[in-house]
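One structure is given below, encoded as structure tokens.
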Amino acid sequence: MKDLALGGQLARAIQSRDTFDFALRALDASEPLDPEDRACLEQVVQACRSISKKMLDLQSQVLHLLDEAGIQASGSDSDLLARGAQQFHHCRIRIPVEHIAAAVEALNSIGFSTRVALDRVAVALLARYQKQITLIRFDEDTTRVTLRWSEQLPNCLHAALRPSLTDAAYLKLPPRLVALYPFVRLLRRIRKSDGTGTKGFEDQDYLRTPQSLVSPLLVAAGVTAEDTVCDLGCGYGQVVIHAAEAFGCRAVGVEAAPEMVAAARQSVDRAGLQHRVEIRHQVIEEADLSGVDVVFLFLPSAVVNRLLPLLLKRMRKGARLVVHEQASMMLEPPPDQSLPLVSATALTVAHLWRV
0 MKDLALGGQL ARAIQSRDTF DFALRALDAS EPLDPEDRAC LEQVVQACRS
50 ISKKMLDLQS QVLHLLDEAG IQASGSDSDL LARGAQQFHH CRIRIPVEHI
100 AAAVEALNSI GFSTRVALDR VAVALLARYQ KQITLIRFDE DTTRVTLRWS
150 EQLPNCLHAA LRPSLTDAAY LKLPPRLVAL YPFVRLLRRI RKSDGTGTKG
200 FEDQDYLRTP QSLVSPLLVA AGVTAEDTVC DLGCGYGQVV IHAAEAFGCR
250 AVGVEAAPEM VAAARQSVDR AGLQHRVEIR HQVIEEADLS GVDVVFLFLP
300 SAVVNRLLPL LLKRMRKGAR LVVHEQASMM LEPPPDQSLP LVSATALTVA
350 HLWRV
């Protein structure tokens, strides 16, 4: 946006989930707007309305599926969606706790999945220790559906001991022994703290940058055909493939999950980009950034905060780092620039560092 102050206000509105109403207020204000800024605010309104319509349609589809499965369910955020004010590709549905497995199965039928496959043990763990589960469909927008069966966590366990689905995957106990999973959680935390467990963020859902935001983010980072772009936690290789195709640059994806590495390499082969795109199977902490011009990072906020000082220290002079997230982030060191980015179907806040 030409008005930097207005751009900063829009970025904060995105982070505070007030995007739609902020844009309407700014458009209705008496102060004259630059035509470019007005067009941006109008695009924000249209993006929120587009997202809301998609989520309303998805909510109706999910409720119909659940009704056919004999599950009494109801949608959340109906007023927000009806106003056209939704800014996330996220739909929330309330279900009875006894129908967790059947509801997840219904969503599986339309392409939604969980990071950990649900069996009897996992379902028992969810019912006892959690209040909701989020399923993801890796479409162009990375759409999420959250199934919630309780407004509060079911018991008073400390968060450090509250088991998750990854604990059920780590050690399979019989359903009758599900009460022992807090001790499994404790064991995993001890192993991670003493270095014998795995590093990373295995309790976090893997999300993907909406396809319509990839180009705006790379443009914001100043990517050119002479650059090498590195996506840390590249998943299925979406960003590095787009960078090579759209900008003509070299690109490197770093990914720790072997199944994603295999899928990303297959995508690179299908695109015929083996000469310009490389997928490396390694953890982010071991990535070689010495020849990289632009680092792209879209990971959970806690992980970004942990990695940020390390990455900036290892990047060469003149390199750029771009991080994006809708939610507010307490970043240290602070970015050189934060700016709102809007496409026809998505929005985010980009944070940029120049080494």
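If you count by numbering that gives the first Met the number 0, then the sequence shown holds residues 0 to 354, one letter each, in order. No residue lacks a Cβ here, since even glycine has one placed at the ideal position from N, Cα and C.
When the alpha-carbon of V239 is set against those of Q265, E258, E225, I278, the nearest one is in I278. If the five residues before and after V222 are omitted, its C-beta is found closer than 7 Å to the C-beta atoms of V228, A242, F246, C248, V293, all from its own chain and listed in chain order. In terms of Cβ geometry, R353 and R319 form a close pair [threshold 8 Å].
A Cβ-Cβ distance of about 7 Å is found for the pair A270 and E244, placing them in contact under the 8 Å criterion. Looking only at A168, R188, P299, the smallest Cα-Cα distance to G232 is reached by P299. The continuous stretches of beta strand (DSSP E) do not include H157, and DSSP gives it neither H nor E. For the beta strand (DSSP E) assignment, the uninterrupted runs of no fewer than 3 residues enclosed by the segment 70-148 are, from N- to C-terminal side, 89-93, 131-136, 142-147. Annotation for V348: the continuous beta strand (DSSP E) segment containing it runs 346-353. Per DSSP, the beta-bridge partners of P339 are V348. For V183, the CB contacts under 7 Å within the same chain, skipping 5 residues up- and downstream, are P162, D166, Y169, L170 in chain order.
The segment 224-302 is shown to contain whole beta strand (DSSP E) runs of 3 or more residues at 227-231, 249-254, 276-280, 293-296, in chain order. Considering only L124, I94, D20, the residue with the shortest C-alpha distance to G69 is I94. Look at L170 here: in three-state DSSP terms it is coil, with no helix or strand label. Contact between the segment 115-126 and the segment 30-40 is not established, with fewer than three Cβ pairs separated by less than 8 Å. Annotation for A224: F246, G247, C248 place their beta carbon closer than 8 Å to its own, counting only its chain and skipping 5 residues before and after.
Using a Cβ-Cβ distance cut-off of 8 Å, the segment 101-115 and the segment 126-140 are in contact, since at least three pairs of beta carbons, one from each stretch, lie closer than that value. Under the three-pair Cβ rule at 8 Å, the segment 326-340 does not count as touching the segment 274-290. Annotation: the continuous alpha helix (DSSP H) that includes R11 extends over 3-14.
Just so you know, the alpha carbons of G74 and S342 end up roughly 27 Å apart.
Burial is judged here by how many other beta carbons sit within 10 angstroms of a residue's own beta carbon; S337 has at least 16 and is buried.
Within the same chain, Cβ atoms closer than 7 Å to the Cβ of M259 are found at G234, Y235, the five residues on either side in sequence being excluded. Taking the Cα positions, L5 is about 13 Å away from L340. In this structure, F111 is the residue among L152, F111, A263, Q85 with its C-alpha nearest to the C-alpha of D204.
For L320, there is no enclosing alpha helix (DSSP H); the enclosing beta strand (DSSP E) covers residues 319-324. Closest by C-alpha distance to V321, out of R305, Q237, G290, V213, is V213. CA-CA distance, A22 to R147, rounds to 31 Å. Take the alpha-carbon of R37 and the one of T18: they are about 14 Å apart.
Spatial neighbours of C90 in its own chain (CB-CB distance under 6 Å, excluding positions within 5 residues in sequence) are listed in chain order as M54, L57, Q58, V144. Beyond the five residues adjoining it in sequence on each side, R127 comes within less than 7 Å, by CB distance, of P153, V177 in the same chain, given in chain order. Here R187 is buried: its Cβ has 16 or more other Cβ atoms, across all protein chains shown, within 10 Å. Rounded to whole angstroms, the separation of the alpha carbons of E67 and P308 is 51 Å. Counting the other Cβ atoms within 10 Å of the Cβ of S51 gives 16 or more, which makes it buried.
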